[in-house]
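Participant: Residues 1 to 207 in the working numbering are what the sequence shown lists, from first letter to last.
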Amino acid sequence: LSHPNIVSVFDVSKSSDADYIVMELIDGLTLKQYMQQKGVLNWREALHFAIQIAKALEHAHSRGIVHRDIKPHNIMVLKDGSVKVADFGIARITTSSNTLTREALGSVHYISPEQAKGGRVDERTDIYSLGVVLYEMLTGRPPYDGETPVSVAIQHINSIPIPPRELNPDIPEALEEITLKAMAPNVDQRYASADEMLADLEEFRKN
Numbered sequence: 001l002s003h004p005n006i007v008s009v010f011d012v013s014k015s016s017d018a019d020y021i022v023m024e025l026i027d028g029l030t031l032k033q034y035m036q037q038k039g040v041l042n043w044r045e046a047l048h049f050a051i052q053i054a055k056a057l058e059h060a061h062s063r064g065i066v067h068r069d070i071k072p073h074n075i076m077v078l079k080d081g082s083v084k085v086a087d088f089g090i091a092r093i094t095t096s097s098n099t100l101t102r103e104a105l106g107s108v109h110y111i112s113p114e115q116a117k118g119g120r121v122d123e124r125t126d127i128y129s130l131g132v133v134l135y136e137m138l139t140g141r142p143p144y145d146g147e148t149p150v151s152v153a154i155q156h157i158n159s160i161p162i163p164p165r166e167l168n169p170d171i172p173e174a175l176e177e178i179t180l181k182a183m184a185p186n187v188d189q190r191y192a193s194a195d196e197m198l199a200d201l202e203e204f205r206k207n
């Protein structure tokens, strides 16, 4: 992967005691840290970040790579306001039988319903997680929370999130619609690709 919005990996190697990767040094902080400092982000800033994340996903997906762990902790914010997606550590080349045999991967607040069920994962899994990240940027909180990881995962499968504008009336209606479409529990009701979501984000930004 080689893209301005993806952290570059320069080398992969192993020594007698460790496997290691050499990556570019990022002078910045994670989106999670940034949100903890700022709280609810201005919708224009959230849009600016979401467009860049969607561009990173578009590039990865065009190479057959699904990230599967999109969350604010894996997104770096640089001083110039650009973002880079990091940690493709659990990404897997897409195959026709790409089911999760082990426990569902991905952090539970951002996990897609199909990941939570251990079902088949594809590009739309990353789109769901980007929708959750966008929701959190706009409202200051993830859509679901609970006492245990299992209770949060079950909400992703069974619950409908509180509409973002009920939590923050300053969010434009169209941006709320984009967020909720990305987060549709049924994969067929989501954006079919990062490219499709990006087109709506760009159209919204223009208008």
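Glycine residues also receive a C-beta, built at the ideal position from the N, C-alpha and C atoms.
Just so it is clear, the structure is predicted and the values come from calculations on it, not from any experiment.
Looking at C-alpha atoms only, which residue of D195, K206, D200, E176 is the closest neighbour of S62?
Facilitator: Counted from its first residue, the sequence shown places residue 62 at position 62. Comparing Cα-Cα distances from S62 to each of D195, K206, D200, E176, the minimum goes to D195.
Participant: Smallest Cα separation from L198: which of A174, E177, E58?
Facilitator: Counted from its first residue, the sequence shown places residue 198 at position 198. Comparing Cα-Cα distances from L198 to each of A174, E177, E58, the minimum goes to E58.
Participant: Within its chain, find whatever has a CB closer than 6 Å to the CB of N207; leave out the 5 residues flanking it on each side and keep chain order.
Facilitator: The residue labelled residue 207 in the question sits at position 207 within the sequence shown. Around N207: no qualifying Cβ.
Participant: Bridge partners for K14 per DSSP, in chain order?
Facilitator: Position 14 of the sequence shown, counted from the first residue, corresponds to residue 14. D19.
Participant: Buried or exposed, going by whether 16 or more other CB atoms sit within 10 Å of the CB of D19?
Facilitator: What you label residue 19 is simply residue 19 of the sequence shown in a count that begins at 1. The residue in question, D19, is exposed, as its Cβ has fewer than 16 Cβ neighbours within 10 Å.
Participant: Just to confirm my understanding: we take Y110, look at its own chain, exclude 5 residues before and 5 after, and list those with CB closer than 7 Å. What are they?
Facilitator: Here residue 110 is taken as the residue at index 110 of the sequence shown, counted from 1. Taken in chain order, the residues that qualify are I70, K71, S129, V132, V133.
Participant: Hey, how far is the Cα of A192 from the Cα of R205?
Facilitator: As a first step, residue 192 is located in the sequence shown; it is residue number 192 there, counting from the start. As a first step, residue 205 is located in the sequence shown; it is residue number 205 there, counting from the start. Cα to Cα, A192 sits roughly 20 Å from R205.
Participant: How about I154: is its Cβ closer than 7 Å to a heavy atom in the ligand SAH?
Facilitator: Here there are no bound small molecules, and the ligand SAH is not part of this structure.
Participant: Are Q37 and N5 close, meaning C-beta to C-beta below 8 Å?
Facilitator: As a first step, residue 37 must be located in the sequence shown, where it is residue number 37. As a first step, residue 5 must be located in the sequence shown, where it is residue number 5. No; because the gap between Cβ atoms is not below 8 Å, this pair is not in contact.
Participant: Would you report the Cα separation of T139 and V12, rounded to the nearest angstrom?
Facilitator: Your numbering for residue 139 matches position 139 in the sequence shown. Your numbering for residue 12 matches position 12 in the sequence shown. For T139 and V12, the distance between alpha carbons rounds to 38 Å.
Participant: CB V66 to CB E123, shorter than 8 Å?
Facilitator: Here residue 66 refers to the residue found at position 66 when the sequence shown is read from its first residue. Here residue 123 refers to the residue found at position 123 when the sequence shown is read from its first residue. Closer than 8 Å, so yes.
Participant: In angstroms, rounded to a whole number, what distance separates the CA positions of E136 and S16?
Facilitator: Mapped onto the sequence shown, residue 136 falls at position 136. Mapped onto the sequence shown, residue 16 falls at position 16. Rounded to the nearest angstrom, the two C-alpha atoms are 42 Å apart.
Participant: For a test of the three-state rule: what should DSSP assign to K32, helix, strand or coil?
Facilitator: Walking along the sequence shown from the start, residue 32 turns up at place 32. It is helical.
Participant: I think A153 touches A116, with their Cβ atoms under 8 Å apart; what is that distance to the nearest whole Å?
Facilitator: What you label residue 153 is simply residue 153 of the sequence shown in a count that begins at 1. What you label residue 116 is simply residue 116 of the sequence shown in a count that begins at 1. Contact holds; Cβ gap of about 4 Å.
Participant: Quick check on the DSSP output: the beta strand (DSSP E) that includes L78 runs from which residue to which?
Facilitator: Counted from its first residue, the sequence shown places residue 78 at position 78. Looking at the DSSP string, the run of the beta strand (DSSP E) that includes L78 is 75-78.
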